[in-house]
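Undergrad:
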Ligand SMILES: [Ca+2]
C-alpha cells in the first residue's frame with residue numbers, strides 16, 4: 017500500500033474532513049462560497065463574509081433565495097458555508113429551532129475561530145430559542161448568537177435582567193473562542209424609572225461599558241452609539 021505523506025498524516029491525526037478540505041482547496045485557489053449545491057452562484061447579493069481560522073467555514077449575509085432551503089429571499093439572511101467537501105454545504109444561521117426562519121432582515125455576521133458560533137444582528141421578531149423566552153416586542157434591532165452544536169439562537173444584546181434592550185443594537189464582534197462579544201447599541205442598559213439606574217445595571221458584572229458613561233436626562237436617551245462587552249462564560 018502506498019500513501020502520500022499528507023494522506024498518511026491525515027490518517028494518523030484522524031482528521032478525514034481536514035484532508036478533504038485540503039484536497040478541495042487544491043482544486044482551485046479561489047472558490048465560490050455563496051454557491052448552490054450544483055456549484056452555481058446564488059440568485060441574489062451575498063456580502064459581509066467572515067471566516068474561521070482554518071478557512072473551512074465562511075458565514076455571510078445573503079439576499080439570494082436559492083442557497084438555503086425554504087428561503088424566500090425577501091430580506092437578508094445569514095448563512096454559514098462549509099467548504100470541507102467538493103460541494104459547498106450551506107446552513108441557515110438566522111433561524112430558531114423553536115420558530116424557524118427569521119422573519120426580517122439579519123445582517124453583519126461574525127464567526128468564532130472554530131466556526132461553532134456566529135453572531136449577527138437582526139430586525140426579526142421570532143428569533144427566540146424556546147417558548148419560555150419572552151417575545152421580542154421591542155421593535156428594534158437586536159444581537160443574536162447562533163450555536164452550531166445546538167442549531168439554535170440566543171439573544172445577546174440583553175440588559176442585566178436578561179431582558180430586551182429598548183434601543184437598536186447591532187454590529188457584533190467576537191473573541192476567537194466566542195466567549196466575549198462586543199456590540200454597538202444606543203441603549204443605556206437601564207430602567208428609566210430608577211434613579212442612578214444606568215451605572216447599577218452596568219456594574220452587575222455581566223456587561224461592562226468601554227467608555228465613560230454620561231448619564232442623559234431621563235426623558236432623552238443618548239443619540240450616539242456606545243460599545244458594550246458581553247461575557248458568555250467559558251466556551
Ligand atoms: Ca427586536
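In the numbering used here, the protein residues as written are 17 to 251.
C-beta atoms are modelled at their ideal positions from N, C-alpha and C, and glycine is treated no differently.
What residue does the beta strand (DSSP E) around residue 123 start on, and which one ends it?
TA: Its beta strand (DSSP E) spans residues 122 to 127.
Undergrad: Would you tell me roughly how many angstroms separate the C-alpha atoms of residue 152 and residue 140, rounded to the nearest one?
TA: Going by the C-alpha atoms only, they are around 8 Å apart.
Undergrad: Cβ of residue 253 versus every heavy atom of ligand 1: is any distance shorter than 8 Å?
TA: Since the first residue of the chain shown is 17 and the last is 251, residue 253 is not available in this structure.
Undergrad: With the cut-off set at 9 Å, would you say residue 317 and residue 131 are in Cβ contact?
TA: Not covered by the structure: residue 317. The range shown for the chain is 17 to 251.
Undergrad: Only counting the same chain, and skipping five residues up and downstream in sequence, which positions put a Cβ closer than 7 Å to that of residue 94?
TA: Same-chain partners within the cutoff: 75, 77, 109, 110, 122, 125, 134, 136.
Undergrad: For residue 249, count the other beta carbons within 10 Å of its own beta carbon; 16 or more makes it buried, fewer makes it exposed. Which is it?
TA: Exposed, because fewer than 16 other Cβ atoms sit within 10 Å of the Cβ of residue 249.
Undergrad: Using three-state DSSP, classify residue 77 as helix, strand or coil.
TA: DSSP places residue 77 in strand when its eight states are reduced to three.
Undergrad: Less than 9 Å separating the beta-carbons of residue 113 and residue 145?
TA: Yes, the Cβ-Cβ distance between residue 113 and residue 145 is below 9 Å.
Undergrad: My understanding is that residue 60 touches residue 81, with C-beta atoms under 8 Å, so please give their C-beta distance in whole angstroms.
TA: Between residue 81 and residue 60 the Cβ distance is about 6 Å, and since that is below 8 Å, they are a contact.
Undergrad: Using a Cβ-Cβ cut-off of 7 Å (strictly less than) and excluding sequence neighbours within five positions of residue 147, which residues of its own chain qualify?
TA: Closer than 7 Å at the Cβ level, and outside the excluded window around residue 147, lie 114.
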